[in-house]
Amino acid sequence: MKSYGLSLATAAVLGDEKKKMAAETASSEGDEGSFNLTVEEKEALCGLDSSFFGFLSRREDGARTKTLLNKAIHCYESLIVKAEGKVDSDFFCQLGHFNLLLEDYSKALSSYQRYYSLQTDYWKNAAFLYGLGLVYFYYNAFHWATRAFQDVLYVDPSFCRAKEIHLRLGFMFKVNTDYESSLKHFQLALIDGNASTLSSVEIQFHIAQLYETQQKYHFAKEAYEQLLQIESLPSQVKATILQQLGWMHHNMDLVGDKVTKERYAIQYLQKSLEEDPNSGQSWYFLGRCYSSIGKVQDAFVSYRQSIDKSEASADTWCSIGVLYQQQNQPMDALQAYICAVQLDHGHAAAWMDLGILYESCNQPQDAIKCYLNATRSKSCSHTSALTSRIMFLQAQLCNLPQGNLQNKTKLLPSIEEAWSLPIPAELTSRQGAMNTAHQGFDKDESLHLALQNDDQPLFPTGSTRYLQADSTETLFPKFSDKMHKHTTSFISPHSGLHKINGEGQENSESSISVNPGLRPRPQIIPSMSVSIYSTSTEVLKACRNLGKNGLSNSHILLDLCPPPRPPSSPYPPLPKEKLNPPTPSIYLENKRDAFFPPLHQFCINPKNPVTVIRGLAGALKLDLGLFSTKTLVEANNEHMVEVRTQLLQPADENWDPSGTKKIWRYENKSSHTTIAKYAQYQACSFQESLREENERRMQAKDYSDIESTSSENSGRKRKGPFKTIKCGINIDLSDNKKWKLQLHELTKLPAFVRVVSAGNLLSHVGYTILGMNTVQLCMKVPGSRIPGHQENNNFCSVNINIGPGDCEWFVVPEDYWGVLNEFCEKNNLNFLMSSWWPNLEDLYEANVPVYRFIQRPGDLVWINAGTVHWVQAIGWCNNIAWNVGPLTAFQYKLAVERYEWNKLQSVKSVVPMVHLSWNMARNIKVSDPKLFEMIKYCLLKILKQCQTLREALVAAGKEVLWHGRINDEPAPYCSICEVEVFNLLFVTNESNSQKTYIVHCQNCARKASGNLENFVVLEQYKMEDLMQVYDQFTLAPSLSSAS
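Take the sequence shown: its letter number 423 is residue 1637 in the numbering used here, and every next letter is one higher.
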């Protein structure tokens, strides 16, 4: 999809003859007046939009084009003034593109905003969204840039600059420490064969560096070494790779003992300097390596080279200070540290080392000042230890006689005196350059190889006020407001989008249609009235010939939907006294209560985000002992358990590892063990707790009270150190042979909460989705956490506590998930993929209600569709859980909304909603009109897509081969971008011949092979079969009307 051209062509198509004549008059007046572009110039400008950004200078006529752009901008601005701003919206969009190509970002942003304010369906214009994203990327407004780029890929996955988008998303996610998302986008960029501002070698380097950042050092080493095997590797890239390998060997235990690894490190760094002898960073790293093995003179020489070759670095001067301190030269060390902190006032290591120096010279007051400066730095990782040291030194000073400090001779100048010492000549010549150096991404048209500094750069000072006023506060908040009512047109038969390409919006009467003579809009497919009540024959007839021109790079404007948006916080906000609502709870006394129909209706009611069914196990006489640790070990002791290593914290708090501040990020590392080994850990944990309890009881009561009071007071300021615990999760109980007794016991449950039932949508997927339509078990010790999340595709979930201990639950209603998503973004977290534990104070301040309750052994917790929740074990316990999909419009709507949101976020949807919808149409009689319309609309959309794509393939001369589908076969997903692929599968020739069938979606296949010559297309369903399913899926009479 390209940006729309100028509006005379549009007026001719959509307007009546009167409007057309008015537009022509306005156009001719413009041509005779201030609009002085020649026909040749108009043709040269035709088609220029944001997609040329970064590529203009590569054209032979690049310089001439830039001159022409300046002239065009002048003409456009003159016309706007003449028309008093009342021009067609596309006019502003094109002006934005021209300013962007000339790198006038503030004017580009202003023009784009005017276009946005005038064009209601701006989201269909991929080139506009791309240009807007580039402007935000330039200003380092990564949150908004990410949103704009994701919108481009959502509305037009085959956008010609998708590779550039993936590169920038990779960089931005890396800066925001979302490394998994970053890696995915870099890999998507790497497989894309289209032109790019970065070479494939540079992209591979970024992937290797990403592994290194994630501390996956062996992956990084392997990736770097593979790059070194490439012939004709650019010298700069080779030098940087060798530099990274050298520094990795210095820091990590990749090979042998310390002597061996330092030898490798020095060899790599020396080879790097052979490629680039002017790299100050490599000289610095080499100095660090020499210093660590005691080669002091070599280290000094390397540090001096580092200062000579590059701008003065705080790291270098700090290392020189350490070297002087080790050589017992305190004055030289002091001067070096002062240089470091003058270059970087927040250099925590330099302040800490300076404090140690002062302390070693018996100057505690100066040491305290340095330690305090270190703790104020954001980069300080020793805050807790430094705080303790400061308190210790302060206590010492209080106990010393007053005269002692005053009469003592100082070995070093005080920190205030040292600050004003003359700076060494080596530093003064470079300090100014260092202070003004711009960090981060280059401002030119192409992305450079951002190697060392991943910090987010500051906004340019000249445009800060403009950007804050016009973009972050004005533009995207409007996006959210407009989008909220379009959560997903995928399921909305009344949105107007069930017609194929409804007519475009006419220009408002107050605007003047100006024709600058550029390219027309892309061809719009004529409107055809096809609704969910049309027959399949009518649908296919309406679609006929849409693909007659074959496959093309432009997006077929067929059933476009606006990008989904999270819901805004419900209005009006709840009063503070309603932010801790009582949890809906049902108490069962017998089996009849459990099977009472109103219980089912109560649980699935959207007004109840959670329901606790108390005493379920007792009422149904469930044998929970079958799921006890003892029975599990006896049944399958070598069964796999995923382990999450966590920190033991209070349930309603989440602190950083140092215990100094509350955070949302929850760190937990993944590993694997067996049921037997985790059971042993559970038992040891219990015995250790008993031992600690006995020791506490033996202590004197008054001492215990004092200790309790002091820890309580100190806890208000800081927590920790935290004990490490392990939580066993995702234990698969799907194998009926291994877990026959356990799974049979669960058939005692009421139908609406069973793992398998006719009324459970997940039972109609047709294959196993582990943990969703199968049972999973968790084994826990006190403090074990399941971080905040919504269930996959917003399905309901069932959780039964086996015991013997309790669990504490925190629950937030579905319509507040947008608020939690916003909190995650503010904390550099991915709502869908990161581990996070909400700060309750933040939620209450944002008027978010939180249900909080205890789940006891035998209690069943029903989590309704879309509910956000997080859980912490109070005692030692096991839990079993699975998902359920009630046959309701509410459940289906939320599942599809999340399916679309996942697509926007480049996250795989575990539930294949298209595949499921066709299976529902085959298997289920639907009497709910709302649910029927949503399913039928999904079928309609997919039927049209299948027919149009198939016709386009045939027109392009691409044979479609019959493949079929076997029972229980999982729904296919693209092996590259992980979107669901329905019916027409694009498989590489090699994969097809080997019968491995590695599936691609159409967009990824065409990125790898533009004309699809390396792919075969396999068909899983006959169109006649799909037409039959579509026609036979009709609204069933409701039970009341039937009776």
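All C-beta atoms, glycine included, are put in the ideal place defined by N, C-alpha and C. Given the structure is predicted, the values throughout are model-derived calculations rather than measurements.
Exercise for the section: Would you mind sorting K2107 into buried or exposed? The rule is 16 or more other CB atoms within 10 Å of its CB. Expected result: Mapped onto the sequence shown, residue 2107 falls at position 893. Per the 10 Å Cβ criterion, buried.
Exercise for the section: Kindly indicate which residue of I1983, Q1429, P2071 and Q1990 has the alpha-carbon position closest to the one of E2022. Expected result: By one-based count along the sequence shown, residue 2022 stands at place 808. For the residues I1983, Q1429, P2071 and Q1990, the minimum Cα distance to E2022 belongs to P2071.
Exercise for the section: Report yes or no: do the segment 2030 to 2040 and the segment 1833 to 1848 share at least 3 C-beta pairs separated by less than 8 Å? Expected result: With the cut-off at 8 Å, the segment 2030 to 2040 and the segment 1833 to 1848 do not touch.
Practice task
Report the option in C1532, F1305, N1313 and R1590 whose CA atom is closest to the CA atom of T1874.
Solution key: Here residue 1874 refers to the residue found at position 660 of the sequence shown. For T1874, the nearest C-alpha among the options comes from R1590.
Handout entry: Inter-residue Cα distance where the pair is G1310 and N1822
Key = Counted from its first residue, the sequence shown places residue 1310 at position 96. Counted from its first residue, the sequence shown places residue 1822 at position 608. Cα to Cα, G1310 sits roughly 48 Å from N1822.
Exercise for the section: With DSSP collapsed to three states, give me the class of G2089. Expected result: Numbered from 1 along the sequence shown, position 875 holds the residue referred to as residue 2089. Of the three classes helix, strand and coil, the one that applies to G2089 here is coil, per DSSP.
Practice task
Note the first and the last residue of the continuous alpha helix (DSSP H) segment covering D1512.
Solution key: Mapped onto the sequence shown, residue 1512 falls at position 298. In the DSSP annotation of this structure, the continuous segment of the alpha helix (DSSP H) that includes D1512 starts and ends at V1510 to K1523.
Exercise for the section: With a cut-off of 8 Å on the beta carbons, I'd call L2158 and V1753 a contact; round off their distance for me. Expected result: Counting from 1 along the sequence shown, the entry for residue 2158 is found at position 944. Counting from 1 along the sequence shown, the entry for residue 1753 is found at position 539. The amino acid at residue 2158 is misidentified as Leu; the sequence shows Lys. About 6 Å separates the two Cβ atoms, so the contact holds.
Handout entry: Cβ pair P2251, S2123 closer than 9 Å
Key = Working through the sequence shown from its first residue, we reach residue 2251 at position 1037. Working through the sequence shown from its first residue, we reach residue 2123 at position 909. For P2251 and S2123, no; Cβs fall outside 9 Å.
Problem - Euclidean distance between Cα positions of D1946 and Y1326 - result: Your numbering for residue 1946 matches position 732 in the sequence shown. Your numbering for residue 1326 matches position 112 in the sequence shown. Their backbone Cα atoms lie some 51 Å apart in a straight line.
Practice task
Return the residue from the list G2171, I2088 and F2045 that minimises the CA-CA distance to H2003.
Solution key: Numbered from its first residue, the sequence shown carries residue 2003 at position 789. H2003 has its Cα closest to that of F2045, out of G2171, I2088 and F2045.
Exercise for the section: Using alpha carbons as the reference points, say which of K1994, A1972, S1372 and P1371 lies closest to V2085. Expected result: Against the sequence shown, residue 2085 aligns to sequence position 871. Looking from the CA of V2085, the closest CA among K1994, A1972, S1372 and P1371 belongs to K1994.
Handout entry: Residue from I2138, N1908 and L1960 whose Cα sits closest to the Cα of H1977
Key = On the sequence shown, position 763 is the one that residue 1977 refers to. The residue asked about is misnamed: residue 1977 is Ser in this sequence, not His. Comparing alpha-carbon positions, the option among I2138, N1908 and L1960 lying closest to S1977 turns out to be I2138.
Exercise for the section: Just list the alpha helix (DSSP H) runs in the segment 1811 to 1848, keeping only unbroken ones of 4 residues or longer that don't cross its boundaries, in chain order. Expected result: If we require 4 residues or more, the alpha helix (DSSP H) runs fully inside the segment 1811 to 1848 come out as 1811 to 1818 and 1830 to 1834.
Problem - When C1307, L1537, S1593 and E1791 are compared against V2064, the one with the closest alpha-carbon - result: Along the sequence shown, one-based indexing puts residue 2064 at 850. E1791 is the residue among C1307, L1537, S1593 and E1791 whose C-alpha sits nearest the C-alpha of V2064.
Practice task
Compare the beta carbon distance of F1936 and L1861 with 9 Å and say whether it is the shorter of the two.
Solution key: Within the sequence shown, residue 1936 is the residue found at index 722, counting from 1. Within the sequence shown, residue 1861 is the residue found at index 647, counting from 1. Yes.
Handout entry: Expected contact under 8 Å - CB spacing of I1379 and F1400 to nearest Å
Key = For the purposes of this step, residue 1379 is identified with residue 165 of the sequence shown, where counting begins at 1. For the purposes of this step, residue 1400 is identified with residue 186 of the sequence shown, where counting begins at 1. Not a contact, Cβ separation roughly 12 Å.
Practice task
Look at the alpha carbon of I2094 and the alpha carbon of N1944, and state the distance between them as a whole number of angstroms.
Solution key: Within the sequence shown, residue 2094 is the residue found at index 880, counting from 1. Within the sequence shown, residue 1944 is the residue found at index 730, counting from 1. Distance between I2094 and N1944, taken at the CA atoms: about 10 Å.
Handout entry: Three-state class that DSSP yields for Q1308 in the structure shown
Key = To locate residue 1308, count along the sequence shown from 1; it is residue 94. DSSP places Q1308 in helix when its eight states are reduced to three.
Exercise for the section: Name the one or two DSSP bridge partners that Q1860 has. Expected result: Taking the sequence shown and counting its residues from 1, one reaches residue 1860 at position 646. As DSSP reads the structure, Q1860 sits in a beta bridge with I1939.
Handout entry: L2154 versus Q1443: straight-line alpha-carbon distance, rounded
Key = Taking the first residue of the sequence shown as 1, we reach residue 2154 at position 940. Taking the first residue of the sequence shown as 1, we reach residue 1443 at position 229. Distance between L2154 and Q1443, taken at the CA atoms: about 51 Å.
Problem - beta strand (DSSP E) segment containing T1888, residue limits - result: Here the question's residue 1888 lines up with position 674 in the sequence shown. That run of the beta strand (DSSP E) goes K1883 to T1888.
Practice task
Decide yes or no for the touch test of the segment 1847 to 1854 against the segment 1888 to 1902: beta carbon pairs closer than 8 Å, at least 3 of them.
Solution key: Touching, yes.
Problem - DSSP bridge partner residues for P2100 (one or two, in chain order) - result: Within the sequence shown, the letter at position 886 stands for residue 2100. Answer by DSSP bridge pairing, in chain order: N1974.
Problem - Continuous beta strand (DSSP E) assignments of at least 3 residues falling wholly in the segment 2000 to 2061 - result: You should have 2010 to 2018 and 2021 to 2026.
Exercise for the section: To the nearest angstrom, report how far apart I1939 and P1864 are at their CA atoms. Expected result: As a first step, residue 1939 is located in the sequence shown; it is residue number 725 there, counting from the start. As a first step, residue 1864 is located in the sequence shown; it is residue number 650 there, counting from the start. Counting only the Cα atoms, P1864 lies some 13 Å from I1939.
Problem - Distance between Q1364 and D1669 (C-alpha atoms, nearest Å) - result: Taking the sequence shown and counting its residues from 1, the one referred to as residue 1669 is at position 455. Taking the sequence shown and counting its residues from 1, the one referred to as residue 1364 is at position 150. For D1669, the predicted structure reports a pLDDT of 37, less than 50, and the residue's modelled location is therefore unreliable. A value from the coordinates is still provided. If you take the alpha carbons of D1669 and Q1364, they lie about 22 Å apart.
Problem - Buried versus exposed, by CB contacts within 10 Å (16 or more), H1712 - result: Residue numbering aside, residue 1712 sits at position 498 when the sequence shown is read from its first letter. Note on H1712: pLDDT 31, under 50, position unreliable in the model; the coordinate value appears next. With 16 or more Cβ atoms within 10 Å of its Cβ, H1712 is classed as buried.
Exercise for the section: Would you kindly report the start and end of the unbroken alpha helix (DSSP H) that includes F1266? Expected result: Reading the sequence shown from its first residue, position 52 is the one you call residue 1266. Boundaries cannot be given for F1266, as no alpha helix (DSSP H) includes it and DSSP labels it neither H nor E.
Problem - Sequence-distant residues of the same chain with beta carbon closer than 6 Å to A1479, five excluded per side - result: Taking the first residue of the sequence shown as 1, we reach residue 1479 at position 265. Residues of the same chain with a CB within less than 6 Å of the CB of A1479, apart from the 5 flanking positions on each side, are G1460, H1463, H1464 and C1503 in chain order.
Problem - Euclidean distance between Cα positions of R1879 and Y2030 - result: One-based indexing of the sequence shown puts residue 1879 at position 665. One-based indexing of the sequence shown puts residue 2030 at position 816. Put simply, the backbone Cα of R1879 is about 19 Å away from that of Y2030.
Practice task
Tell me where the alpha helix (DSSP H) around K1962 begins and ends.
Solution key: Against the sequence shown, residue 1962 aligns to sequence position 748. Neither: K1962 is in no alpha helix (DSSP H) and is coded neither H nor E.
Problem - Per-residue DSSP class, three states only, for F2247 - result: For the purposes of this step, residue 2247 is taken as the residue at position 1033 of the sequence shown. Secondary structure at F2247: coil, using DSSP grouped into helix, strand and coil.
Problem - N-terminal and C-terminal residue of the alpha helix (DSSP H) that S1506 is part of - result: The residue labelled residue 1506 in the question sits at position 292 within the sequence shown. G1494 to S1506 is the span of the alpha helix (DSSP H), which, as asked, contains S1506.
Problem - G2171 burial status per 10 Å Cβ neighbour count (16 or more: buried) - result: If you number the sequence shown from 1, residue 2171 lands on position 957. G2171 comes out exposed.
Problem - Nearest candidate by alpha-carbon position, reference P1798, set N1542, T1982 and Q2069 - result: Counted from its first residue, the sequence shown places residue 1798 at position 584. Cα-wise, what sits closest to P1798 is Q2069.
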